[in-house]
Amino acid sequence: MANITPRPVTYLTDISPRSWEHPADRAALTALRQIPGFDQMLKALIGATTEKSYRLYMLASTVRVSDRQFAKIHKVFCEACSRLDLKAIPELFISQSPFLNAGAIGVEKPFIVLNSQTLKDLSELELMSVLGHEIGHCVSGHVLYKTMLWILINLPFMLMTIPVAEVVLRLIIMALLEWYRKSELSADRAGLLAVQSPEACYTLEMKMAGGSDLSQMDINEFFVQAAEYDQGGNLLDSVFKLLNLSQQTHPFAVLRLTELKNWVDAGHYEKILSGQYQKRSDTGEDDVMGDFKRAQEQYQEDLKRSKDPLAGALSNAMKNIEPMAKQVEQFFTNIFNPGQDSPEDASGTQDDSAGRTSKEEKK
0 MANITPRPVT YLTDISPRSW EHPADRAALT ALRQIPGFDQ MLKALIGATT
50 EKSYRLYMLA STVRVSDRQF AKIHKVFCEA CSRLDLKAIP ELFISQSPFL
100 NAGAIGVEKP FIVLNSQTLK DLSELELMSV LGHEIGHCVS GHVLYKTMLW
150 ILINLPFMLM TIPVAEVVLR LIIMALLEWY RKSELSADRA GLLAVQSPEA
200 CYTLEMKMAG GSDLSQMDIN EFFVQAAEYD QGGNLLDSVF KLLNLSQQTH
250 PFAVLRLTEL KNWVDAGHYE KILSGQYQKR SDTGEDDVMG DFKRAQEQYQ
300 EDLKRSKDPL AGALSNAMKN IEPMAKQVEQ FFTNIFNPGQ DSPEDASGTQ
350 DDSAGRTSKE EKK
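Under numbering that gives the first Met the number 0, think of the first position of the sequence shown as 0, with each following residue one higher.
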């Protein structure tokens, strides 16, 4: 692995995961946490069973990282934790595996597992991004609900004889898979904030897609490939892309690449590094409706930005639906509150195209 190039770094003291979480990820987490006792029940169940079982398995079959074992990796890991201000450093294990992957496991005391292939294929900067990604999952509490999704995916075998239950379950799983993919985008941002090198994160995505030999790849060409995927084809191509993605837990590499670059280009990354971020000590109560509104706005922004034909059609449909929704709202307002001004009236005038109705004219 190449050494980390000395550079000024920012330690994000007291940073809240809300600062980097994707709005759709945050909205789903907030909604799930509003269910009374749900979190506590899951934590008790998973903490006493799955977490203990997996940790014992890791102790038996992998190598635990410390200052005496994989000391260099230990140093990189501790640095990533420091940059994200994670005081309780999770256990880290190296598992013998030829696949480029990593994962976070556990609820009460989460731990991280790195496949040994990551040590062969990644630079230290790329490795720090992977570690920051998994730290992001830990601090956001993703592991709890990912475990729940795994349990639900394995339930259909028991519910095949109950058609209605199976349909409902499939809808729940589809919704959770969409959240899962958005949680990966959140974790990618955490990885970037840990390594503080966008270029390392971009080459990491390219390696995840095509292997470790950068001499045979070009990051600019990979961005061209990502743009082609976004723009490509007709509505049928869009449907195929949607179907390909619908059962995936992780967004495809070109999607993750584009999403992360858009987040950087929008200024969020630099804003956080400059100290403008939400702090854990300032985090108040969860705002369910606010989080859902921000998620909706993000989906709308994504549709506007995308050059995909289906995304364009959906964006136009949403533009048409919005004024219709306002008209329906005004219709019921006039019926039940005939003396109450519409939102447009309250501001003084309406658009001419909707029929001029100023307050002066009403008089």
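Glycine is no exception: its CB is placed at the ideal position from the N, C-alpha and C atoms.
Where residue i falls: helix, strand or coil (DSSP)
{"i": "Thr12", "result": "coil"}
{"i": "Val64", "result": "coil"}
{"i": "Lys86", "result": "coil"}
{"i": "Pro22", "result": "helix"}
{"i": "Leu121", "result": "coil"}
{"i": "Met57", "result": "helix"}
{"i": "Thr248", "result": "coil"}
{"i": "Phe221", "result": "helix"}
{"i": "Gln116", "result": "helix"}
{"i": "Ser273", "result": "coil"}
{"i": "Asn233", "result": "coil"}
{"i": "Gly190", "result": "helix"}
{"i": "Asp212", "result": "coil"}
{"i": "Ser81", "result": "helix"}
{"i": "Ala30", "result": "helix"}
{"i": "Phe239", "result": "helix"}
{"i": "Phe98", "result": "coil"}
{"i": "Phe69", "result": "coil"}
{"i": "Ala199", "result": "helix"}
{"i": "Ala43", "result": "helix"}
{"i": "Gly140", "result": "coil"}
{"i": "Ala265", "result": "coil"}
Cβ-Cβ separation, residue j to residue i (assumed contact under 8 Å), whole Å
{"i": "Leu28", "j": "Gly140", "result": "7 Å"}
{"i": "Tyr10", "j": "Arg54", "result": "Actually they do not touch by this definition, with Cβ atoms about 29 Å apart."}
{"i": "Gly420", "j": "Ala174", "result": "Because the chain in this structure spans residues 0 to 362, residue 420 falls outside the shown range and cannot be described."}
{"i": "Leu124", "j": "Val167", "result": "Going by Cβ atoms, the distance from Leu124 to Val167 rounds to 45 Å, so no, they are not a contact pair."}
{"i": "Met205", "j": "Met216", "result": "6 Å"}
{"i": "Phe221", "j": "Leu272", "result": "No, Phe221 and Leu272 are not in contact; Cβ-Cβ is about 25 Å, not under 8 Å."}
Residues that DSSP places opposite residue i in a beta bridge
{"i": "Ile111", "result": "Leu91, Ala103"}
{"i": "Lys278", "result": "Ile14"}
Spatial neighbours of residue i in its chain, beta-carbon cut-off 7 Å, leaving aside the 5 residues before and after
{"i": "Ala101", "result": "Ile111, Val112, Leu113, Asn114, Thr117, Val129, Glu133"}
{"i": "His73", "result": "Val64, Ser65, Asp66"}
{"i": "Ala103", "result": "Pro109, Ile111, Glu133, His136, Cys137, Val142"}
{"i": "Ile88", "result": "Cys77, Cys80"}
{"i": "Ser390", "result": "What is shown of the chain runs 0 to 362, which leaves residue 390 out entirely."}
{"i": "Leu41", "result": "Leu143, Met147"}
{"i": "Thr202", "result": "Glu125, Leu213, Ile218"}
Own chain, CB closer than 6 Å to residue i, minus 5 neighbours either side, in chain order
{"i": "Ser182", "result": "Asp24, His141"}
{"i": "Ala226", "result": "none"}
{"i": "Ser94", "result": "Thr61, Val112, Asn114"}
{"i": "Trp178", "result": "Ala27"}
{"i": "Phe92", "result": "Met57, Thr61, Arg63, Val112"}
{"i": "Ser52", "result": "none"}
C-beta contact flag for residue i and residue j at 8 Å
{"i": "Asp187", "j": "Leu259", "result": "yes"}
{"i": "Lys278", "j": "Ser15", "result": "yes"}
{"i": "Ala70", "j": "Met127", "result": "no"}
{"i": "Val106", "j": "Glu50", "result": "yes"}
{"i": "Val253", "j": "Gln224", "result": "yes"}
{"i": "Ala43", "j": "Ser122", "result": "no"}
{"i": "Thr248", "j": "Arg180", "result": "yes"}
{"i": "Tyr268", "j": "Leu191", "result": "yes"}
{"i": "Glu20", "j": "Ser196", "result": "no"}
{"i": "Ser237", "j": "Asp13", "result": "no"}
Cutoff 8 Å; reference residue i; Cβ partners in own chain excluding five residues on either side
{"i": "Val138", "result": "Pro16, Leu83, Leu85, Ala189"}
{"i": "Ser245", "result": "Met173, Leu176"}
{"i": "Lys367", "result": "Residue 367 lies beyond the residue range present for the chain, which begins at 0 and ends at 362; the question has no answer from this structure."}
Residue i beta carbon near the ligand ZN (any heavy atom closer than 7 Å)
{"i": "Met57", "result": "The ligand ZN is not part of the structure shown, which contains no ligands of any sort."}
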